[in-house]
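Protein chains: 2
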Amino acid sequence: MPASPIGPELQRLIDLLAKLPGLGPRSAKRAALYLLKKREPVMQPLAFALSDAADKVTGCSECGNWDSIDPCAVCVDEERDRSVLCVVEDVSGLWALERAGAHKGLYHVLGGLLSPLDGVGPDDLTIGRLIERTKTDEVKEVVIALAATVDGQTTAHYLMEHLESADLRVTRLSQGVPVGGELDYLDEGTLAAAMKTRRPV
Amino acid sequence: MPASPIGPELQRLIDLLAKLPGLGPRSAKRAALYLLKKREPVMQPLAFALSDAADKVTGCSECGNWDSIDPCAVCVDEERDRSVLCVVEDVSGLWALERAGAHKGLYHVLGGLLSPLDGVGPDDLTIGRLIERTKTDEVKEVVIALAATVDGQTTAHYLMEHLESADLRVTRLSQGVPVGGELDYLDEGTLAAAMKTRRPV
Chain F
136 MPASPIGPEL
146 QRLIDLLAKL
156 PGLGPRSAKR
166 AALYLLKKRE
176 PVMQPLAFAL
186 SDAADKVTGC
196 SECGNWDSID
206 PCAVCVDEER
216 DRSVLCVVED
226 VSGLWALERA
236 GAHKGLYHVL
246 GGLLSPLDGV
256 GPDDLTIGRL
266 IERTKTDEVK
276 EVVIALAATV
286 DGQTTAHYLM
296 EHLESADLRV
306 TRLSQGVPVG
316 GELDYLDEGT
326 LAAAMKTRRP
336 V
Chain V
136 MPASPIGPEL
146 QRLIDLLAKL
156 PGLGPRSAKR
166 AALYLLKKRE
176 PVMQPLAFAL
186 SDAADKVTGC
196 SECGNWDSID
206 PCAVCVDEER
216 DRSVLCVVED
226 VSGLWALERA
236 GAHKGLYHVL
246 GGLLSPLDGV
256 GPDDLTIGRL
266 IERTKTDEVK
276 EVVIALAATV
286 DGQTTAHYLM
296 EHLESADLRV
306 TRLSQGVPVG
316 GELDYLDEGT
326 LAAAMKTRRP
336 V
């Protein structure tokens, strides 16, 4: 067998790039060739940005968001409504809600969902810390913003049970027809839920 | 407006990742979150692999392949047939032919295609070096393996004209029905070319 046309340094780079979600072995090769052509403007800055972020970015000790300051920029933002905590599975959910401008309060990142089958229990998530945070007088409402999947709903129910208290309002995102969604393309579960929770116009 | 939930270090990483072919702004965010969760096994090694490859990988002075040794592993491989040079547009073509095990000779990477509209002329490519390489007694055949596009065909014709000599065979990849290809899904140009160059079975 002839020697591989790809040297060890390049092969290692391709193998690591291929681990990124959204890139496979073939697109990792394309990405590596692109980077070699753009050494100064992209490849070297990316190497630096990776090691810089790996060094500096940590989980916020308050909410679990990733940031280079602790507490994170969201938690220290004076403009935000400190009486509402929005519970998300992970940081991508926080970013999605921020992108939508849908929440002006603070967040709490659970770090996953309860999943008995995968052996993920309450102690593997930041549920204890969430309960602690809600015990201050400041917090009046917890919005549960978890995925509408089995694990998401299991986790939501667990949270509702454990957050129950006289002076705390616990809410969740409503389910229904997405804005711009055609009824014909929606699954039956969503349509049934939207009908059940129909509202007067 | 509230502060961005994404700090500057993280934002810079996302912006650089989004430049990779195959990743957009949204998948770059997903990739960044993945990397932050996999700091030890992926993020730090990737930072190292990037700067290591940026330092060590150069274009082979013989054929133009990327490698950390010069001449590259393909050019120094004693097992290869030094009488056949295969001309490719870029290194991805070389890798594709190697993956297929389709060529046992050496390569020549042009570094692009002639494109009068984009101002790419013969001097912007390694055509001079190719002609020089074919002038040794060793080289008996040049296989032109360029894309079947307008620029690819223009470049192929230019090469054929300039490589013409009594003791050099110039060939090109044949065009036709891809292996496993359904006739119904093929474009008319390919079908017409396959019919025109039909062969006895």
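Those protein sequence lines, which keep their order, are chains F and V.
So the number in this note's numbering is just where the residue sits in the first sequence, counting from 1, plus 135.
So the number in this note's numbering is just where the residue sits in the second sequence, counting from 1, plus 135.
Just so it is clear, CB atoms sit at the ideal spot from N, CA and C, and this is done for glycine as well.
Remember, it's a predicted structure, so these values are computed and weren't measured experimentally.
Here the alpha carbon of V/LEU152 sits roughly 36 Å from the alpha carbon of F/LEU318. A straight-line Cα-Cα distance of about 12 Å links V/ILE141 and F/CYS210. In this structure, DSSP gives V/ARG304 an extended state, which the three-state scheme calls strand.
Contiguous alpha helix (DSSP H) elements confined to the stretch 158-189 of chain F occur at 160-172, taking only those with 4 or more residues. Comparing alpha-carbon positions, the option among V/GLY159, V/ALA189, V/ILE262 and V/GLY256 lying closest to V/HIS243 turns out to be V/ILE262.
Residue pairing by DSSP puts V/TYR242 in a beta bridge opposite V/CYS221. Taking F/ALA283 as the centre and dropping the five residues before and after it, the same chain places the C-beta of GLN310 closer than 7 Å to its C-beta, in chain order.
Counting only runs of 4+ residues, the alpha helix (DSSP H) found wholly inside the stretch 280-328 of chain F occupies 285-298, in chain order.
With its beta carbon less than 8 Å from one in chain V, F/PRO156 belongs to the interface.
Residues of the stretch 280-294 of chain V whose Cβ lies closer than 8 Å to any Cβ of chain F: none.
With three or more CB-CB distances shorter than 8 Å, the stretch 234-242 of chain V counts as touching the stretch 205-225 of chain V. Taking the beta carbon of V/PRO180 as reference, the chain F residues within 9 Å of it are ARG147 and LEU151, listed in sequence order. A Cβ-Cβ contact shorter than 8 Å links V/SER227 with F/LYS164.
Here V/THR261 carries a coil assignment [DSSP, helix/strand/coil].
Taking the Cα of F/ARG147 as reference, the smallest distance to any Cα among V/LEU321, V/LYS191 and V/LEU298 is reached at V/LYS191.
The stretch 168-186 of chain V makes contact with the stretch 187-203 of chain F, as at least three CB pairs between them are under 8 Å. For F/ILE141, there is no enclosing alpha helix (DSSP H), as DSSP marks it with neither H nor E. Within the stretch 300-326 of chain F, contact with chain V at the beta-carbon level (separation under 7 Å) is assigned to no residue. Interface residue (Cβ-Cβ distance to chain F less than 8 Å): V/SER203 is classified as such.
Using a Cβ-Cβ cut-off of 8 Å, V/ILE266 is close to nothing in chain F; its nearest Cβ partner there is about 23 Å away. Three or more beta-carbon pairs drawn from the stretch 273-288 of chain F and the stretch 296-309 of chain F are found closer than 8 Å, and the two stretches are therefore classed as touching. One Cα belongs to F/GLY236, the other to V/LEU168, and the distance between them is close to 20 Å. Between F/LEU265 and F/PRO257 a beta carbon distance of about 10 Å is seen, past the 8 Å cut, so the two are scored as non-contacting.
In the three-state reduction of the DSSP assignment, F/VAL277 falls in the strand class.
V/LYS191 reaches chain F at GLU144, counting residues in chain order whose Cβ is nearer than 8 Å. In the three-state DSSP reduction, F/VAL211 falls in the helix class (H, G or I).
Of the candidates F/GLU233, F/GLU214 and F/GLY157, the residue whose Cα lies closest to the Cα of V/SER139 is F/GLU233.
The beta-carbon of V/SER186 is placed less than 8 Å from the nearest beta-carbon of chain F. F/LEU145 is a Cβ neighbour of V/TRP201, given a cutoff of 8 Å. The three-state reading of DSSP puts F/SER227 in helix, counting H, G and I together. Residue-level contact by beta carbon holds for F/VAL209 and chain V, with a gap shorter than 8 Å. Contact of F/PRO140 with chain V by beta-carbon distance below 7 Å involves ASN200, ALA208, VAL209, LEU229, TRP230 and GLU233.
For V/LEU260, no Cβ of chain F is located within less than 8 Å of the residue's own Cβ. The C-beta of F/ARG217 comes no closer than 8 Å to any C-beta of chain V. Just so you know, the alpha carbons of F/GLY247 and V/ALA184 end up roughly 30 Å apart. Chain-ordered, the chain F residues with CB closer than 9 Å to the CB of V/ALA166 read LEU155, PRO156, GLY157 and LEU158.
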